[in-house]
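This report refers to the structure that appears directly beneath it.
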Ligand code: SF4
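In the numbering used here, the protein residues as written are 32 to 399.
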């Protein structure tokens with residue numbers, strides 16, 4: 032059993048003490064896994080290999096060529112680490128400073144994944160919006176997106192979570208000008224109260240956030256728009272929560288990820304003297320926002336009725352029933368031949384079954 036990730040990096044001895052763990056691997060050492068596994072039987076276990084994440088030496092690039100069976104979309108991590116120091120977050124201590132994959136490496140990787148038949152490329156990173164800020168010469172996420180869109184055969188490019196401050200006019204224009212960039216954005220908010228945002232050390236205030244989201248909503252029709260919110264941050268008063276709720280209600284989100292705050296060992300927030308919100312009240316706030324998120328998600332899915340949408344057919348689903356993903360991040364179930372899996376097709380939305388839309392295929396042949 033191999034354990035890696037933020038927890039393994041920040042508390043390796045606790046992980047090594049778990050019975051059955053063979054290898055504890057730090058986040059900057061993961062490329063060593065094949066070599067470690069090759070002669071693991073000869074070594075004393077648990078083997079702990081956890082380096083310093085703030086070590087500036089370049090890390091080897093391990094290009095991805097394919098994903099495990101069942102993946103239709105390819106996730107390409109173009110950036111790791113984070114420039115920020117949000118007071119509730121352990122990630123900077125687990126991942127180190129922001130580092131970007133050089134452009135030629137990302138381009139080569141995306142080219143090979145497109146050639147291998149992945150219809151959608153998802154760009155990921157811990158601080159994705161910072162992409163290129165550490166490269167020489169400096170680059171921007173917008174420049175990366177434009178370069179990737181030149182790759183022949185690329186049908187869809189999806190961006191994962193991006194902090195508000197990184198939405199430059201250039202990035203918004205790049206997204207708006209190119210239908211192959213998915214109409215799906217995730218812009219973490221965490222709190223709608225400036226007092227709490229300051230205590231969280233988030234690099235924006237509620238007014239800037241509101242203006243950005245209004246602009247995105249106005250610029251990108253049918254946008255699937257999500258955010259992350261934390262309830263019960265230390266010192267979050269009733270009026271702070273009310274400000275968060277009011278902001279979420281005012282903006283065109285189509286889904287919400289709501290998290291209840293808990294102290295994370297080693298973070299600044301865990302040491303804050305501010306009083307803790309009682310657990311029952313945290314649960315109440317979380318439940319309120321989750322209800323709002325569920326209502327928004329339902330309204331967004333209902334708004335798709337009767338529309339003809341292009342979907343990428345996923346691997347999953349039983350024989351005869353296909354599941355497709357729209358560019359604005361909705362799943363659609365419809366009847367069709369297995370041969371369509373991993374291809375694009377068009378579907379007319381006819382109904383809603385739980386989380387999924389239902390539809391009828393309107394193409395005769397799968398598009399390439
Ligand atoms: S919450 Fe996000 S932006 Fe803030 S420190 Fe953690 S990874 Fe960085």
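Glycine is no exception: its CB is placed at the ideal position from the N, C-alpha and C atoms.
Reduced DSSP category for residue 132 - H, G, I as helix; E, B as strand; rest coil: The residue labelled residue 132 in the question sits at position 101 within the chain shown. Reduced to three states, the DSSP call for residue 132 is coil.
By a C-beta neighbour count over all protein chains shown, 10 Å radius and 16 as the cutoff for buried, is residue 62 buried or exposed? As a working note, residue 62 is residue 31 in the chain shown. Looking at its Cβ environment, which holds fewer than 16 other Cβ atoms inside 10 Å, residue 62 is exposed.
Distance, residue 311 Cα to residue 117 Cα: Sequence index remark: in the chain shown, residue 117 carries index 86 (1-based). Sequence index remark: in the chain shown, residue 311 carries index 280 (1-based). Near 25 Å, if we compare the C-alpha coordinates of residue 311 and residue 117.
By Cβ distance, which residues of its chain are closer than 6 Å to residue 223, with the 5 residues on each side in sequence left out? Start at 1 with the first residue of the chain shown, and residue 223 comes out as number 192. Only 237, 274, 275, 278 meet the Cβ criterion.
Cβ-heavy atom distance between residue 75 and the ligand SF4 below 7 Å? The residue labelled residue 75 in the question sits at position 44 within the chain shown. Remark: the C-beta of residue 75 is outside contact range of the ligand SF4, defined as less than 7 Å to any heavy atom.
For the ligand SF4, I want to know if residue 178 counts as a neighbour, meaning its beta carbon is within less than 7 Å of at least one of the ligand's heavy atoms. What you label residue 178 is simply residue 147 of the chain shown in a count that begins at 1. Outside the cutoff, so no.
Figure out for me which residue from 337, 302, 390, 42 has the closest Cα to the Cα of residue 352. The count along the chain shown starts at 1 and reaches residue 352 at position 321. Closest option to residue 352, Cα to Cα, is 390.
Taking 6 Å as the limit between beta carbons, can you name the residues of its chain near residue 262, skipping five residues before and five after? Reading the chain shown from its first residue, position 231 is the one you call residue 262. So the qualifying residues of the chain are 291, 313, 316, 317.
Restricting to Cα atoms, I'd like to know which of 100, 103, 342, 154 is closest to residue 217. Your numbering for residue 217 matches position 186 in the chain shown. Residue 217 has its Cα closest to that of 154, out of 100, 103, 342, 154.
I need the boundaries of the beta strand (DSSP E) containing residue 387, first residue and last residue. Residue mapping note: residue 387 aligns to position 356 of the chain shown, counting from 1. Note, residue 387: beta strand (DSSP E), 387–392.
Just the Cα atoms here: how many angstroms apart are residue 144 and residue 304? Within the chain shown, the letter at position 113 stands for residue 144. Within the chain shown, the letter at position 273 stands for residue 304. Those two C-alpha atoms are separated by around 49 Å.
Residue(s) in a DSSP beta bridge with residue 352: Mapped onto the chain shown, residue 352 falls at position 321. Bridge partners of residue 352: 366.
Please go through the stretch 160–199 and give each complete alpha helix (DSSP H) segment of 4 or more residues, from N-terminal end onward. 172–179
Please name the residue, chosen from 165, 33, 59, 60, that lies closest to residue 48 on a Cα-to-Cα basis. For this step, residue 48 is matched to residue 17 along the chain shown. For residue 48, the nearest C-alpha among the options comes from 33.
If we count Cβ pairs, one from each stretch, closer than 8 Å, do we get three or more for the stretch 241–250 versus the stretch 111–131? no
Can you tell me whether residue 271 is buried or exposed? The criterion is at least 16 other CB atoms within 10 Å of its CB, across all chains shown. One-based indexing of the chain shown puts residue 271 at position 240. It counts as buried.
Taking residue 272 as part of the alpha helix (DSSP H), name the residues at either end of that continuous run. If you number the chain shown from 1, residue 272 lands on position 241. For residue 272, the enclosing alpha helix (DSSP H) stretches over residues 269–281.
According to the Cβ coordinates, are residue 114 and residue 105 closer than 8 Å? Reading the chain shown from its first residue, position 83 is the one you call residue 114. Reading the chain shown from its first residue, position 74 is the one you call residue 105. No, Cβ-Cβ distance for residue 114 and residue 105 is not below 8 Å.
Can you tell which of 130, 177, 347, 156 has its C-alpha closest to the C-alpha of residue 99? Start at 1 with the first residue of the chain shown, and residue 99 comes out as number 68. Residue 347 is the option with its Cα nearest to residue 99.
Hey, out of 168, 132, 331, 96, whose CA is closest to residue 361's CA? Working through the chain shown from its first residue, we reach residue 361 at position 330. Nearest option by C-alpha distance: 331.
Would you kindly work out how many angstroms separate the C-alpha atoms of residue 397 and residue 344, rounded to a whole number? For the purposes of this step, residue 397 is taken as the residue at position 366 of the chain shown. For the purposes of this step, residue 344 is taken as the residue at position 313 of the chain shown. Because the pLDDT at residue 397 is just 44, under 50, the model does not fix this residue reliably, and the value given afterwards should be weighed accordingly. Those two C-alpha atoms are separated by around 10 Å.
First through last residue of the beta strand (DSSP E) which encompasses residue 291: Along the chain shown, one-based indexing puts residue 291 at 260. Element bounds for residue 291: 286–291.
From the DSSP secondary-structure annotation, give me the bridge partner or partners of residue 151. Counted from its first residue, the chain shown places residue 151 at position 120. Answer is 104, 187, bridged to residue 151.
What does the Cβ neighbour count give for residue 250, buried or exposed, with the cut at 16 atoms within 10 Å? On the chain shown, residue 250 is found 219 positions in, with the first residue counted as 1. Residue 250 is exposed by the Cβ-count criterion.
According to DSSP, is residue 257 part of a helix, a strand, or is it coil? In the chain shown, the residue the question calls residue 257 occupies position 226. DSSP places residue 257 in strand when its eight states are reduced to three.
Is residue 157 close to the ligand SF4? I mean its beta-carbon at under 7 Å from any heavy atom of the ligand. As a working note, residue 157 is residue 126 in the chain shown. Yes, since a heavy atom of the ligand SF4 falls inside the 7 Å radius drawn around the Cβ of residue 157.
By the three-class DSSP mapping on this structure, what secondary structure does residue 381 have? The sequence position of residue 381 within the chain shown is 350, counting from 1. Correct three-state label for residue 381: strand.
Just tell me which of 387, 385, 373, 381 has its CA closest to the CA of residue 393. In the chain shown, residue 393 corresponds to position 362, counting from 1. Residue 393 has its Cα closest to that of 381, out of 387, 385, 373, 381.
How many Å lie between residue 399 and residue 141 at the Cα? As a working note, residue 399 is residue 368 in the chain shown. As a working note, residue 141 is residue 110 in the chain shown. Residue placement at residue 399 is poorly supported in this model, since its pLDDT is 40, which falls under 50; the coordinates still yield a value, given next. Between residue 399 and residue 141, the C-alpha separation is close to 18 Å.
For residue 91 and residue 52, what's the separation of their Cα atoms in angstroms? For the purposes of this step, residue 91 is taken as the residue at position 60 of the chain shown. For the purposes of this step, residue 52 is taken as the residue at position 21 of the chain shown. Straight-line Cα distance between these residues: approximately 25 Å.
Going by beta-carbon coordinates alone, are residue 138 and residue 178 separated by less than 8 Å? Locating residue 138 in the chain shown gives position 107, counting from the first residue. Locating residue 178 in the chain shown gives position 147, counting from the first residue. Taking 8 Å as the Cβ cut-off, residue 138 and residue 178 qualify as a contacting pair.
Going by DSSP in three states, residue 54 sits in which element: helix, strand or coil? The count along the chain shown starts at 1 and reaches residue 54 at position 23. If DSSP states are grouped into helix, strand and coil, residue 54 belongs with the strands.
Own chain partners of residue 323 with C-beta closer than 8 Å, once the 5 adjacent residues on each side are dropped: In the chain shown, counting from the first residue as 1, residue 323 sits at position 292. The answer, listed in chain order, is 276, 279, 280, 287.
Report the option in 187, 221, 219 whose CA atom is closest to the CA atom of residue 206. Here the question's residue 206 lines up with position 175 in the chain shown. Ranking 187, 221, 219 by Cα distance to residue 206 puts 187 first.
Taking 8 Å as the limit between beta carbons, can you name the residues of its chain near residue 39, skipping five residues before and five after? By one-based count along the chain shown, residue 39 stands at place 8. Cβ within range, chain order: 46, 55, 56, 57, 58, 81.
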